[in-house]
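Numbering-wise, the numbering used here puts 124 at position 130 of the sequence shown, and it's gapless, one number per residue.
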Amino acid sequence: MTRPRAVVCGTGFGRVYLAGLAAPESPVELAGILARGSDRSAACARRWGVPLYRHPDELPGDVTVACVVVGSAITGGPGARLAQALMSRGIHVLQEHPLHADELAGCLRAARANRVGYRLNSHHVHVAPVRRFVAAARALLRRQPPLFVDAAGSVQVLYPLLDVLGAALGRLRPWGFAPPAPLPAAVRALTPLDVPFRSLDGVFAGVPTTLRVQHQMDPREPDNHAHLWHRITIGTEGGQLTLVSSTGPVLWTVRPHLPREAAGAAGFDRLGVDHLALAGTTPIGPPAAPSWAQTLDTLWPEAVRVAVRRLTDDVARGADPMTDGQYHLGLCQLTREITQLLGPVELVRRDEPRFLAAGDLIEGEHEVLT
-5 MTRPRAVVCG
5 TGFGRVYLAG
15 LAAPESPVEL
25 AGILARGSDR
35 SAACARRWGV
45 PLYRHPDELP
55 GDVTVACVVV
65 GSAITGGPGA
75 RLAQALMSRG
85 IHVLQEHPLH
95 ADELAGCLRA
105 ARANRVGYRL
115 NSHHVHVAPV
125 RRFVAAARAL
135 LRRQPPLFVD
145 AAGSVQVLYP
155 LLDVLGAALG
165 RLRPWGFAPP
175 APLPAAVRAL
185 TPLDVPFRSL
195 DGVFAGVPTT
205 LRVQHQMDPR
215 EPDNHAHLWH
225 RITIGTEGGQ
235 LTLVSSTGPV
245 LWTVRPHLPR
255 EAAGAAGFDR
265 LGVDHLALAG
275 TTPIGPPAAP
285 SWAQTLDTLW
295 PEAVRVAVRR
305 LTDDVARGAD
315 PMTDGQYHLG
325 LCQLTREITQ
335 LLGPVELVRR
345 DEPRFLAAGD
355 LIEGEHEVLT
């Protein structure tokens, strides 16, 4: 079967898309790059052996899919306008987040008007360890209802964090969050360090939720210096399911609970209760996350292919883009509400971090255990 021919627009994060779509297992054939013509874009075109186009009018007529990986109004870019221009040519579009809600609404209208497929992509929700977490969460919630959610992340990837939560819990609404409580001056004075996280308590998908956001950004490197991207725990009566980071691992932790008869027992070794024999924490899937090199080289390009395949599947079955679009319109609204509660982002200046390996910490293990 002939694969649809696709172009990647933009060569910033678009480099991940290029790696994903150039693979033999890609659902589309990489047919070119649409970019302004920078040295980086020219180098990417040479690396992947594809043409470099500088305007949508230059695209050949057999290109039917475009991945728009160009910033939109939120970052001062033309991504939404470019997506609409491509759709007016009958090209199906996968667009990388973020977008303002009104931009997304305009793109969805353009998709309907031109009878093409359109999807907004938050990327992280398609990365394999996150998909594993979402699948485990759905299996968990078929057995027990959620009691609480604890989620943490950085402001740069707030939208994907909420998307992962929505995928895991199966919905977004009802939602509502209270403003973060200011730290009393007397408490703030106890440390010379900055306070990176702001906490919001509220409700997500009808579940009590605590959301902690690192609301800081270094304007020199806006995509760097996050302490973490995503960490999520969903709690139920039987235990907690945790996504430790954006690349895993996924852990199941059994709830600590002693039976009532323990109060009168002669020793804890004779309780004979089944749940006490369960491992306290068990990995679901690999026990460790892959390296960041593996993530950039393998997991992220694979996630791109998953997202593109969802677009091409939509096109094949004639799905209405508005179905998935309504969900993302809700995500846009929720993200805007939370960022308004957080207030202006704190601008910081950070040096290159000093990295540690787990082995650096294990060196002192003998001292503690003896």
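By construction, the Cβ of each residue, glycine as well, lies at the ideal position given by its N, Cα and C atoms.
Bear in mind that the values here come from a model prediction, so they are computed numbers and not experimental data.
### Task
To the nearest angstrom, report how far apart Arg83 and Asp291 are at their CA atoms.
32 Å
3 or more residues per run - each beta strand (DSSP E) lying fully within the segment 74 to 138: 86 to 90 and 112 to 115
Just verifying my parser: in three-state terms, what is the DSSP assignment at Trp286?
helix
Quick one: is Thr276 buried, meaning 16 or more other Cβ sit within 10 Å of its Cβ, or exposed?
exposed
One question on the structure: do Ile278 and Ala131 come within less than 8 Å of each other, judged by their Cβ atoms?
Not in contact: Ile278 and Ala131 (Cβ atoms no closer than 8 Å).
| said: Let me check one thing: in DSSP terms, what residues is Arg225 bridge-paired to? | reply: DSSP links Arg225 through a beta bridge to Ala146.
* Assuming Pro213 contacts Leu341 (C-beta within less than 8 Å), just tell me the rounded distance between them. => Yes, they are in contact, since the Cβ atoms of Pro213 and Leu341 sit about 6 Å apart, within 8 Å.
message = Please report the distance separating the alpha-carbon of Arg40 from that of Ala313.
response = Rounded to the nearest angstrom, the two C-alpha atoms are 36 Å apart.
Subject >> Local conformation of Met(-5) per DSSP, three classes >> reply: In this structure, Met(-5) counts as coil in the three-state DSSP scheme.
Which listed residue (Ala161, Ala37 and Trp42) has its alpha carbon closest to that of Leu325
Ala161
*asked:* Looking only at its chain, what residues have a beta carbon closer than 8 Å to the beta carbon of Val244, apart from the 5 residues adjacent to it on each side?
replied: Pro123, Arg126, Phe127, Ala130, Leu235, Thr236, Leu237, Val238, Pro277, Ile278 and Gly279
Review point. Using 8 Å as the threshold, is the segment 179 to 191 in touch with the segment 99 to 113, meaning 3 or more CB pairs across them?
Key: no
Checklist entry - Which one of Pro281, Ala220 and Arg106 has the shortest CA to CA distance from Ser148? => result Ala220
Item to complete: My understanding is that Leu15 touches Val302, with C-beta atoms under 8 Å, so please give their C-beta distance in whole angstroms.
Response: 7 Å
Through-space distance from Val181 to Ala283, alpha-carbon basis: 36 Å
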